[in-house]
Every structure is written in C-alpha cells, then in structure tokens.
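Taken in order, the sequence shown gives residues 32 to 319; the numbers are from our numbering. Note that the Cβ used here is the ideal one computed from N, Cα and C, for glycine as well. Remarks on the structure that follows.
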Amino acid sequence: MDLNDDNPARAFEQRRPRLLRIAYRMLGVIAEAEDAVQETYLRWHQTDRSAVRDAEAVLVRTVTRVCLDILKSARVRREQYVGTWLPEPVMDVVEGEDLTLSLMMALERLSPLERAAFLLHDVFGQDFDVVAAALERDPAACRQLASRARTHVREARPRFPITERRGHEIASAFFDASRNGDVNALKALLAHDAVAYTDGGGKVSASLVPICGQANVMQFFADLHQRLGPDFFQCVYQGLVDGLPAMVAIDPRGGLQITALGIEEGRIVEIYVVRNPDKLEGVRRFLG
C-alpha cells in the first residue's frame with residue numbers, strides 16, 4: 032500500500048514500531064519515546080501530504096527533530112539525576128539491531144547530532160540525504176558526524192563476541208555466585224577492570240557512583256549477600272535484555288531489579304543494575 036494514500040492514520044501506524052525504535056534509541060526512555068512518536072503523529076496529520084513523495088523520510092525526519100528537542104531538556108534532567116543514569120530496559124530484541132545496553136551507554140557520550148546521524152544511517156539504514164534533512168545539515172557534515180560516532184561506538188563493541196548460549200552460561204554462573212556471596216567464583220568471572228553501574232534514581236537504594244575494579248565489584252556483591260542473604264531476590268526471568276544476558280529478580284516487597292552483563296573474552300566487564308521502579312513498568316508488563 033502507498034503510504035501517501037487518503038488514510039494518514041493507517042499510513043502512520045504502519046511505521047509506528049520503527050519510529051518508536053528510533054525514538055527510544057535516541058532518548059533511552061520509553062515514555063519519552065512514546066511522547067516523541069505521538070508528537071510526530073500530530074505533525075503528520077498537519078502535513079500537506081499531497082506534496083510528500085517519501086512518507087517514511089518525512090516521518091523519520093520529524094521524529095528525529097522531535098527527539099532532538101526532547102534531548103535538550105533531557106540533558107538537564109540527567110545532570111540532576113540522583114546517581115548513575117541508565118537507559119530504560121527493553122525486553123524485546125529486534126533482529127538486526129545490535130545496539131546493546133553497553134552501546135546505548137556509549138551513545139550517551141555523543142552529542143545529540145552525532146547520535147542521531149549514527150542511528151539513522153548505521154542502525155536504521157537511512158541514506159545521508161534523509162539524515163541531512165532530519166538534522167538540517169548538509170550530507171557531508173552528516174557523514175562526519177556519523178564517522179565520529181562510529182569511532183566511539185566501535186570502542187564499545189566486544190572485539191570477540193560470544194554466543195548467546197555461552198553468554199547465558201556466564202550469566203547463570205554470575206547470578207549464582209553473587210546470590211551466594213561466593214567471592215572466589217566472582218573473581219573467576221569478573222575482568223580486572225570490571226565496572227558495575229546501579230541505577231536507583233533516588234527512589235530505591237543504589238550506589239551513587241560506578242563501582243570500578245574487580246576487587247571493588249566483588250566486595251560490593253559480597254556485602255549485598257551478607258546484608259540481604261541468598262533468598263532476598265528471587266529470579267523471575269532470565270534471558271536477553273537490551274541484547275545482553277540478564278536476569279530479572281523480585282524482592283519480598285514486589286520490587287523488581289534487572290541485572291544485565293556485558294561480557295568480553297569470556298569475562299564480565301560491565302554490570303548494569305536497574306532498580307529505579309519508574310524504569311521497570313515495561314518489564315512488569317512483559318512479565319504479566
């Protein structure tokens with residue numbers, strides 16, 4: 032069906048999932064991404080579609096501009112955020128999009144324009160003419176933006192990717208070791224430069240700064256075991272979250288926690304713990 036038909040709502044709905052993925056990758060927060068897509072929908076209805084030759088390009092351009100506007104205020108909010116800010120976890124993995132939580136964190140260190148250029152071109156396959164229109168820059172400038180972003184993202188990609196099965200094996204061993212406070216097992220699993228990030232958003236307890244180094248990470252989880260015991264958190268799901276091996280656990284009060292692992296050369300290099308309840312409503316719905 033031609034997207035430029037007389038049914039703008041149907042034309043938009045065909046592209047909504049893709050627009051939502053673009054918006055989430057830009058913003059890292061599902062509610063903000065949904066707001067961006069809704070604003071794009073309103074602007075689409077106000078567009079003179081008789082002059083539109085490529086509806087998808089128009090929609091991609093619009094959602095990108097809306098996201099860039101949201102990022103201006105989001106940057107201020109994140110500077111005021113209590114503790115470490117982590118992207119909101121996404122349970123659904125889209126085939127062909129290898130942006131893991133680790134890479135999302137790398138994108139956070141880019142400028143909004145670099146992030147947009149990389150996502151639109153490298154992840155969502157838009158040509159640089161579309162990217163240029165979305166960013167209101169010429170194609171050559173957008174190529175430079177994407178190239179700079181690509182360099183940063185390349186550094187965050189694992190040099191020796193592991194299979195999904197092996198990732199789950201390492202994750203299971205880590206969860207058992209951390210639950211039981213097994214320091215020796217943790218040492219065997221963690222890289223020397225491992226870092227643990229915990230996001231409580233000021234709503235629940237979490238470390239306010241990243242925990243760096245194998246010894247400190249080991250001590251962190253050993254202290255948790257000593258304080259809470261092995262049965263405080265119960266695993267309710269184990270699988271992929273944002274493309275990383277992860278576990279969802281629940282505490283006695285019904286609070287959820289996601290722990291996702293970045294693994295390099297068979298060792299855990301990054302641990303992402305999301306505890307902020309505002310970021311886990313989607314996970315709760317996923318679990319039913």
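Counting every other CB atom within 10 Å of its CB across the protein chains shown gives residue 307 a total of 16 or more, marking it as buried. Per DSSP, residue 122 has no beta bridge partner at all. Secondary structure note for residue 74: its alpha helix (DSSP H) is the uninterrupted segment 61-76. A straight-line Cα-Cα distance of about 23 Å links residue 252 and residue 119. For residue 243, the CB contacts under 6 Å within the same chain, skipping 5 residues up- and downstream, are 226 in chain order. As the crow flies, the alpha-carbon of residue 272 is around 12 Å from that of residue 288. Annotation for residue 254: the continuous alpha helix (DSSP H) segment containing it runs 245-259.
If the five residues before and after residue 51 are omitted, its C-beta is found closer than 8 Å to the C-beta atoms of 64, 65 and 68, all from its own chain and listed in chain order. Boundaries around residue 302 are those of the beta strand (DSSP E), 298-305, since no alpha helix (DSSP H) includes it. In this structure residue 268 does not touch residue 115 by the C-beta definition: roughly 23 Å separates them, more than the 8 Å allowed. Here the C-alpha atom of residue 199 lies approximately 8 Å from the C-alpha atom of residue 277. Separation of residue 135 and residue 222 (C-alpha to C-alpha, rounded to the nearest whole angstrom) is 21 Å. The C-alpha of residue 238 lies about 34 Å from the C-alpha of residue 48. If you ignore the 5 residues before and after residue 235, its C-beta comes within less than 8 Å of the C-beta of 286, 306, 307 and 308, all in its own chain and listed in chain order. For residue 265 and residue 146, the gap between their C-alpha atoms comes out near 37 Å. Judged by their CB atoms, residue 87 and residue 46 are nearer to each other than the 8 Å cut-off. Judged by DSSP in its simplified three-state form, residue 279 adopts strand.
When DSSP assignments are scanned along the stretch 131-208, no uninterrupted stretch of beta strand (DSSP E) that is 3 or more residues long falls wholly within it.
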